[in-house]
Amino acid sequence: VLDTSFALQLVVASDGIKQRLDAFIDALAKRADEHRSTPLIGRSHGIHAEPTTFGVALAGHLAEMKRCRRRLALAREEIAVGKIAGAVGTYAHLSPAIEADALGALGLAAETVSTQVVARDRHAMFFATLALIAAGIERLATNVRHWQRSEVGEAEEAFTVGQKGSSAMPHKRNPIASENLSGLSRIVRAAVTPALENVVLWHERDISHSSVERMIAPDATTTTAFMLQRAYRLISGLVVYPEALHKNLAITGGRFFSEAVLLELVRAGKPRQEAYKLVQRAAMRAFEGDGSFQSNLAGDDDVRSLIDAEQIERCFDLSHALRFSDAIVDRALEAP
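Using this note's numbering, the first residue of the sequence shown is number 20, and each one after it goes up by one.
Here it is, written out as C-alpha coordinates:
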(Lines of atoms letter the chains of each structure in order from A and count residues from 1; the text may use other names and numbers.)
(Lines give C-alpha, C1' and ligand atoms only; values in the text may rest on other atoms or scores of the structure.)
Protein backbone atom coordinates (compact mmCIF):
# COMPACT_ATOMS: atom_id res chain seq x y z
CA VAL A 1 0.00 0.00 0.00
CA LEU A 2 2.72 2.46 0.96
CA ASP A 3 4.91 1.83 -2.09
CA THR A 4 1.94 2.11 -4.44
CA SER A 5 0.73 5.32 -2.83
CA PHE A 6 4.30 6.66 -2.91
CA ALA A 7 4.30 6.05 -6.67
CA LEU A 8 1.08 8.02 -7.02
CA GLN A 9 2.56 10.92 -5.03
CA LEU A 10 5.72 10.98 -7.14
CA VAL A 11 3.69 10.91 -10.37
CA VAL A 12 1.67 13.95 -9.26
CA ALA A 13 4.89 15.68 -8.15
CA SER A 14 6.50 14.92 -11.53
CA ASP A 15 3.57 16.47 -13.37
CA GLY A 16 3.74 19.62 -11.25
CA ILE A 17 7.48 19.89 -11.79
CA LYS A 18 7.08 19.38 -15.55
CA GLN A 19 4.53 22.19 -15.72
CA ARG A 20 6.97 24.59 -14.09
CA LEU A 21 9.88 23.29 -16.17
CA ASP A 22 7.91 23.92 -19.36
CA ALA A 23 7.29 27.54 -18.33
CA PHE A 24 10.99 28.01 -17.54
CA ILE A 25 11.97 26.53 -20.90
CA ASP A 26 9.59 28.88 -22.71
CA ALA A 27 11.09 31.88 -20.89
CA LEU A 28 14.64 30.81 -21.77
CA ALA A 29 13.65 30.36 -25.40
CA LYS A 30 12.14 33.84 -25.56
CA ARG A 31 15.20 35.54 -24.06
CA ALA A 32 17.67 33.50 -26.15
CA ASP A 33 15.84 34.55 -29.32
CA GLU A 34 15.72 38.16 -28.13
CA HIS A 35 19.49 38.36 -27.61
CA ARG A 36 20.67 36.03 -30.35
CA SER A 37 22.78 38.83 -31.88
CA THR A 38 23.80 40.70 -28.71
CA PRO A 39 27.62 40.28 -28.50
CA LEU A 40 29.06 38.96 -25.25
CA ILE A 41 32.64 38.13 -24.37
CA GLY A 42 32.93 34.43 -23.69
CA ARG A 43 34.92 33.40 -20.65
CA SER A 44 36.87 30.32 -19.71
CA HIS A 45 38.35 30.05 -16.22
CA GLY A 46 36.60 33.41 -15.61
CA ILE A 47 38.99 35.07 -18.10
CA HIS A 48 38.05 36.63 -21.44
CA ALA A 49 38.21 33.97 -24.14
CA GLU A 50 36.47 34.53 -27.50
CA PRO A 51 33.26 36.41 -28.32
CA THR A 52 29.86 34.76 -28.28
CA THR A 53 26.39 36.28 -27.91
CA PHE A 54 24.10 36.61 -24.92
CA GLY A 55 21.54 34.60 -26.86
CA VAL A 56 23.98 31.75 -27.42
CA ALA A 57 24.80 31.74 -23.70
CA LEU A 58 21.10 31.47 -22.83
CA ALA A 59 20.59 28.89 -25.57
CA GLY A 60 23.04 26.65 -23.74
CA HIS A 61 20.84 26.81 -20.65
CA LEU A 62 17.76 26.22 -22.81
CA ALA A 63 19.25 23.07 -24.34
CA GLU A 64 20.21 21.82 -20.89
CA MET A 65 16.69 22.29 -19.55
CA LYS A 66 15.22 20.52 -22.57
CA ARG A 67 17.46 17.56 -21.79
CA CYS A 68 16.20 17.71 -18.21
CA ARG A 69 12.62 17.61 -19.47
CA ARG A 70 13.34 14.40 -21.40
CA ARG A 71 15.01 12.93 -18.31
CA LEU A 72 12.02 13.89 -16.17
CA ALA A 73 9.68 12.08 -18.56
CA LEU A 74 11.80 8.95 -18.27
CA ALA A 75 12.03 9.30 -14.48
CA ARG A 76 8.25 9.65 -14.24
CA GLU A 77 7.87 6.43 -16.20
CA GLU A 78 10.40 4.73 -13.91
CA ILE A 79 8.52 5.57 -10.72
CA ALA A 80 4.97 5.09 -12.04
CA VAL A 81 5.15 1.55 -10.71
CA GLY A 82 3.35 -0.14 -7.85
CA LYS A 83 3.12 -3.63 -6.41
CA ILE A 84 0.38 -5.78 -4.89
CA ALA A 85 2.35 -9.00 -5.12
CA GLY A 86 2.39 -10.13 -1.53
CA ALA A 87 4.91 -10.16 1.31
CA VAL A 88 7.91 -11.11 -0.85
CA GLY A 89 6.52 -10.48 -4.34
CA THR A 90 5.52 -14.06 -5.15
CA TYR A 91 1.72 -13.62 -5.39
CA ALA A 92 1.26 -16.25 -2.71
CA HIS A 93 -2.31 -15.18 -1.94
CA LEU A 94 -3.49 -13.39 -5.11
CA SER A 95 -2.69 -13.31 -8.83
CA PRO A 96 -0.70 -11.10 -11.22
CA ALA A 97 -3.99 -10.42 -13.01
CA ILE A 98 -5.54 -8.86 -9.89
CA GLU A 99 -2.43 -6.71 -9.45
CA ALA A 100 -2.53 -5.59 -13.09
CA ASP A 101 -6.20 -4.63 -12.84
CA ALA A 102 -5.79 -2.73 -9.58
CA LEU A 103 -2.65 -0.86 -10.61
CA GLY A 104 -4.04 -0.16 -14.08
CA ALA A 105 -7.01 1.58 -12.48
CA LEU A 106 -4.50 3.86 -10.74
CA GLY A 107 -2.53 4.54 -13.92
CA LEU A 108 0.45 2.54 -12.70
CA ALA A 109 2.40 -0.39 -14.07
CA ALA A 110 3.34 -3.44 -12.03
CA GLU A 111 6.91 -3.85 -10.83
CA THR A 112 8.62 -6.40 -13.09
CA VAL A 113 10.05 -8.40 -10.20
CA SER A 114 9.12 -7.04 -6.81
CA THR A 115 10.16 -8.06 -3.35
CA GLN A 116 8.24 -6.67 -0.40
CA VAL A 117 8.86 -3.29 -2.03
CA VAL A 118 9.31 -1.67 -5.42
CA ALA A 119 12.99 -1.64 -6.40
CA ARG A 120 14.68 1.54 -5.23
CA ASP A 121 16.87 2.05 -8.28
CA ARG A 122 13.74 3.58 -9.79
CA HIS A 123 13.54 6.20 -7.08
CA ALA A 124 17.27 6.86 -7.25
CA MET A 125 16.90 7.78 -10.93
CA PHE A 126 14.04 10.12 -10.07
CA PHE A 127 15.99 12.00 -7.40
CA ALA A 128 19.07 12.15 -9.63
CA THR A 129 16.90 13.77 -12.31
CA LEU A 130 15.72 16.41 -9.83
CA ALA A 131 19.35 17.02 -8.91
CA LEU A 132 20.26 17.61 -12.55
CA ILE A 133 17.44 20.12 -12.90
CA ALA A 134 18.64 21.90 -9.76
CA ALA A 135 22.26 21.87 -10.92
CA GLY A 136 21.25 23.34 -14.29
CA ILE A 137 19.33 26.11 -12.57
CA GLU A 138 22.32 26.84 -10.37
CA ARG A 139 24.60 27.05 -13.42
CA LEU A 140 22.35 29.81 -14.77
CA ALA A 141 22.17 31.49 -11.36
CA THR A 142 25.97 31.45 -11.10
CA ASN A 143 26.28 33.16 -14.47
CA VAL A 144 23.76 35.82 -13.41
CA ARG A 145 25.70 36.41 -10.20
CA HIS A 146 28.83 37.07 -12.27
CA TRP A 147 27.05 39.22 -14.86
CA GLN A 148 25.66 41.37 -12.04
CA ARG A 149 28.99 42.02 -10.31
CA SER A 150 29.80 45.74 -10.09
CA GLU A 151 32.97 45.25 -12.14
CA VAL A 152 31.03 43.45 -14.87
CA GLY A 153 27.52 44.94 -14.99
CA GLU A 154 26.38 43.06 -18.09
CA ALA A 155 23.00 41.92 -16.73
CA GLU A 156 21.14 41.91 -13.45
CA GLU A 157 18.07 40.61 -11.72
CA ALA A 158 15.01 42.83 -11.92
CA PHE A 159 15.01 45.32 -9.05
CA THR A 160 11.50 46.36 -8.06
CA VAL A 161 10.31 49.62 -6.51
CA GLY A 162 10.71 49.51 -2.76
CA GLN A 163 13.08 46.55 -2.81
CA LYS A 164 16.13 46.69 -0.52
CA GLY A 165 19.52 45.43 -1.57
CA SER A 166 21.05 45.68 1.87
CA SER A 167 19.71 46.58 5.30
CA ALA A 168 22.84 48.65 5.96
CA MET A 169 23.81 49.98 2.50
CA PRO A 170 20.98 51.66 0.55
CA HIS A 171 22.97 51.70 -2.69
CA LYS A 172 23.10 47.91 -3.03
CA ARG A 173 21.34 45.79 -5.68
CA ASN A 174 22.23 42.21 -4.82
CA PRO A 175 21.55 39.04 -6.89
CA ILE A 176 19.44 37.59 -4.08
CA ALA A 177 17.27 35.30 -6.21
CA SER A 178 20.31 33.76 -7.87
CA GLU A 179 22.04 33.26 -4.54
CA ASN A 180 18.88 31.69 -3.16
CA LEU A 181 18.79 29.28 -6.10
CA SER A 182 22.43 28.35 -5.58
CA GLY A 183 21.70 27.47 -1.99
CA LEU A 184 18.52 25.50 -2.71
CA SER A 185 20.33 23.48 -5.37
CA ARG A 186 22.47 22.01 -2.60
CA ILE A 187 19.36 20.76 -0.84
CA VAL A 188 18.07 18.95 -3.92
CA ARG A 189 21.45 17.48 -4.83
CA ALA A 190 21.86 16.27 -1.26
CA ALA A 191 18.99 13.82 -1.83
CA VAL A 192 20.94 11.84 -4.43
CA THR A 193 23.39 10.04 -2.15
CA PRO A 194 20.74 8.74 0.30
CA ALA A 195 18.52 7.78 -2.65
CA LEU A 196 21.36 5.70 -4.08
CA GLU A 197 22.06 4.15 -0.69
CA ASN A 198 18.37 3.19 -0.49
CA VAL A 199 18.89 0.86 -3.45
CA VAL A 200 20.77 -1.58 -1.23
CA LEU A 201 18.29 -3.34 1.07
CA TRP A 202 18.65 -6.66 2.86
CA HIS A 203 17.16 -9.55 0.88
CA GLU A 204 13.45 -8.95 0.23
CA ARG A 205 13.35 -5.83 2.34
CA ASP A 206 14.45 -3.86 5.36
CA ILE A 207 13.08 -0.45 6.40
CA SER A 208 16.28 1.59 6.29
CA HIS A 209 14.97 3.36 3.17
CA SER A 210 11.58 4.47 4.51
CA SER A 211 12.78 7.02 7.04
CA VAL A 212 15.05 8.53 4.39
CA GLU A 213 12.24 8.85 1.86
CA ARG A 214 9.96 10.56 4.34
CA MET A 215 12.64 13.28 4.49
CA ILE A 216 13.98 13.57 0.95
CA ALA A 217 10.81 13.07 -1.09
CA PRO A 218 8.83 16.12 0.09
CA ASP A 219 11.96 18.26 0.41
CA ALA A 220 13.42 17.47 -3.02
CA THR A 221 10.17 17.68 -4.99
CA THR A 222 8.81 20.87 -3.45
CA THR A 223 12.23 22.56 -3.52
CA THR A 224 12.69 21.70 -7.21
CA ALA A 225 9.23 23.07 -8.01
CA PHE A 226 9.98 26.28 -6.11
CA MET A 227 13.37 26.65 -7.82
CA LEU A 228 11.75 26.37 -11.24
CA GLN A 229 9.21 29.06 -10.40
CA ARG A 230 11.92 31.37 -9.11
CA ALA A 231 14.16 30.64 -12.09
CA TYR A 232 11.27 31.47 -14.42
CA ARG A 233 10.81 34.87 -12.76
CA LEU A 234 14.56 35.43 -12.77
CA ILE A 235 15.03 34.87 -16.50
CA SER A 236 11.78 36.60 -17.47
CA GLY A 237 12.77 39.76 -15.63
CA LEU A 238 16.52 39.66 -16.33
CA VAL A 239 17.77 43.11 -17.35
CA VAL A 240 20.50 43.03 -20.02
CA TYR A 241 22.85 45.97 -20.65
CA PRO A 242 24.18 45.90 -24.25
CA GLU A 243 26.39 48.96 -23.63
CA ALA A 244 28.19 47.20 -20.79
CA LEU A 245 28.50 44.07 -22.92
CA HIS A 246 30.14 46.12 -25.67
CA LYS A 247 32.42 47.89 -23.19
CA ASN A 248 33.63 44.63 -21.67
CA LEU A 249 34.11 43.14 -25.11
CA ALA A 250 36.53 45.98 -25.89
CA ILE A 251 38.56 45.73 -22.66
CA THR A 252 41.25 43.48 -24.15
CA GLY A 253 41.69 45.53 -27.30
CA GLY A 254 40.84 42.64 -29.59
CA ARG A 255 43.23 40.14 -28.03
CA PHE A 256 40.42 37.57 -28.23
CA PHE A 257 41.10 37.42 -31.98
CA SER A 258 44.39 35.66 -31.23
CA GLU A 259 43.22 32.25 -32.47
CA ALA A 260 42.10 33.72 -35.79
CA VAL A 261 45.60 35.19 -36.29
CA LEU A 262 47.20 31.94 -35.18
CA LEU A 263 45.25 29.94 -37.76
CA GLU A 264 46.01 32.48 -40.47
CA LEU A 265 49.74 32.03 -39.80
CA VAL A 266 49.32 28.24 -39.90
CA ARG A 267 47.55 28.53 -43.26
CA ALA A 268 50.51 30.59 -44.43
CA GLY A 269 52.80 27.65 -43.67
CA LYS A 270 54.08 28.39 -40.16
CA PRO A 271 54.20 25.38 -37.81
CA ARG A 272 51.50 25.81 -35.18
CA GLN A 273 53.74 25.99 -32.12
CA GLU A 274 55.98 28.58 -33.77
CA ALA A 275 52.95 30.59 -34.88
CA TYR A 276 51.58 30.39 -31.34
CA LYS A 277 54.76 31.99 -29.98
CA LEU A 278 54.55 34.86 -32.46
CA VAL A 279 50.92 35.64 -31.61
CA GLN A 280 51.48 35.28 -27.89
CA ARG A 281 54.44 37.65 -28.07
CA ALA A 282 52.30 40.37 -29.62
CA ALA A 283 49.43 39.69 -27.21
CA MET A 284 51.60 39.80 -24.08
CA ARG A 285 53.18 43.09 -25.17
CA ALA A 286 49.68 44.56 -25.51
CA PHE A 287 48.67 43.08 -22.15
CA GLU A 288 51.60 44.91 -20.53
CA GLY A 289 50.62 48.21 -22.16
CA ASP A 290 53.15 48.16 -24.99
CA GLY A 291 51.06 48.98 -28.07
CA SER A 292 47.84 47.39 -29.28
CA PHE A 293 47.57 43.75 -30.22
CA GLN A 294 46.81 44.49 -33.86
CA SER A 295 49.58 47.10 -34.23
CA ASN A 296 52.07 44.77 -32.57
CA LEU A 297 51.22 42.08 -35.09
CA ALA A 298 51.42 44.51 -38.00
CA GLY A 299 54.81 45.73 -36.80
CA ASP A 300 56.30 42.29 -36.26
CA ASP A 301 58.61 41.36 -39.14
CA ASP A 302 58.25 37.66 -38.43
CA VAL A 303 54.46 37.94 -38.72
CA ARG A 304 54.53 40.25 -41.75
CA SER A 305 56.80 37.87 -43.59
CA LEU A 306 53.88 35.45 -43.61
CA ILE A 307 50.71 37.57 -43.76
CA ASP A 308 50.09 41.17 -44.78
CA ALA A 309 48.18 43.97 -43.02
CA GLU A 310 44.96 43.21 -44.90
CA GLN A 311 45.04 39.57 -43.75
CA ILE A 312 45.64 40.69 -40.18
CA GLU A 313 42.72 43.14 -40.43
CA ARG A 314 40.40 40.36 -41.59
CA CYS A 315 41.23 38.37 -38.46
CA PHE A 316 39.74 41.18 -36.34
CA ASP A 317 36.21 40.79 -37.73
CA LEU A 318 33.61 40.30 -34.98
CA SER A 319 30.82 39.48 -37.43
CA HIS A 320 32.93 36.66 -38.86
CA ALA A 321 33.56 35.26 -35.37
CA LEU A 322 29.81 35.30 -34.61
CA ARG A 323 28.53 34.25 -38.04
CA PHE A 324 27.02 30.98 -36.76
CA SER A 325 25.32 32.44 -33.68
CA ASP A 326 21.88 32.42 -35.32
CA ALA A 327 22.30 28.79 -36.32
CA ILE A 328 23.28 27.81 -32.77
CA VAL A 329 20.31 29.59 -31.22
CA ASP A 330 17.96 28.12 -33.82
CA ARG A 331 19.28 24.66 -33.06
CA ALA A 332 18.47 25.10 -29.38
CA LEU A 333 15.03 26.52 -30.13
CA GLU A 334 14.19 23.69 -32.50
CA ALA A 335 15.56 20.88 -30.34
CA PRO A 336 12.83 18.47 -29.20
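Quick reminder that beta carbons are idealized off the backbone N, C-alpha and C, glycines included. Since the structure is predicted, the reported quantities are computational estimates derived from the model, not experimental observations.
Out of I36, A177, E278, S229, which one is the CA nearest neighbour of N193? A177
Output needed for Y110: all residues of its chain with C-beta closer than 6 Å, excluding positions within five of it in sequence on either side, in chain order. A104
From the DSSP output, in three-state form, read off T23 for me. Of the three classes helix, strand and coil, the one that applies to T23 here is helix, per DSSP.
Could you have a look at A236 and say whether DSSP puts it in helix, strand or coil? helix
Taking the alpha helix (DSSP H) that R300 falls in, what are its first and last residues? 291-306
Closest by CA to T134, which one among R342, H222, Q313? H222
Quick check: the Cα distance between S201 and D319, rounded to an integer number of angstroms? 48 Å
What residues match up with G101 in a beta bridge as DSSP calls it? As a beta-bridge residue in DSSP terms, G101 pairs with A129.
Quick check on DSSP: helix, strand or coil for A174? Annotated three-state conformation of A174 is strand, per DSSP.
By the DSSP assignment, the beta strand (DSSP E) with V148 in it spans what residues? Per the sequence shown, the amino acid found at residue 148 is Thr instead of Val. It is not in any beta strand (DSSP E) - T148 instead sits in the alpha helix (DSSP H) that spans 140-166.
From F146 to L268, what distance separates their C-alpha atoms? Distance between the alpha carbons of F146 and L268 is about 40 Å.
So for S63, helix, strand or coil by DSSP? strand
List in chain order: all unbroken alpha helix (DSSP H) runs of 4+ residues lying wholly within the segment 299-355. 312-317, 320-323, 328-334, 337-340, 344-353
Beta-ladder partner(s) of P194, from DSSP: Answer is none; P194 lacks a bridge partner.
Using 9 Å as the threshold, is the C-beta distance between A301 and F312 below it? yes
Whose C-beta lies closer than 8 Å to the C-beta of R141 among residues of the same chain, with five residues either side of it excluded? Sequence-distant Cβ neighbours of R141 in its own chain, meaning closer than 8 Å and more than five residues away, are E97, I98, V100.
Nearest neighbour of S204, chosen from R224, L215, T161 [CA to CA]: That would be T161, whose Cα lies nearest to the Cα of S204.
Whose CA, out of R158, I195, I156, I66, lies closest to the CA of E175? I195
Should L81 and A351 be called a contact, given that it needs their Cβ atoms to be closer than 9 Å? yes
Per-residue DSSP class, three states only, for T356: Coverage of the chain is limited to positions 20 through 355, which leaves residue 356 absent and any answer about it impossible.
Between G108 and S344, which are expected to be in contact by the criterion C-beta below 8 Å, what is the C-beta distance as a whole number of angstroms? Actually they are not in contact, since the Cβ atoms of G108 and S344 sit about 55 Å apart, beyond 8 Å.
Looking only at its own chain, which residues have a Cβ that is under 6 Å from the Cβ of T71, when we skip the five neighbours before and after it? Contacts found: L59, G61.
Run the CB neighbour count on D22, radius 10 Å, all protein chains shown included, and call it buried at 16 or more, exposed below. buried
Measure from the alpha carbon of A78 to the alpha carbon of each residue in D45, K102, A106, then state which is nearest. D45
With the cut-off set at 9 Å, would you say M246 and V207 are in Cβ contact? yes
Alpha carbon to alpha carbon, how far is V285 from R291? Give it in angstroms, no decimals. 6 Å
Take the Cβ of E262 as the centre, count every other Cβ of all protein chains shown within 10 Å, and call the residue buried at 16 or more, exposed below. exposed
With 16 other CB atoms within 10 Å as the buried threshold, where does V137 fall? buried
Around the C-beta of I254, are 16 or more other C-beta atoms found within 10 angstroms, so that it is buried, or is it exposed? Per the 10 Å Cβ criterion, buried.
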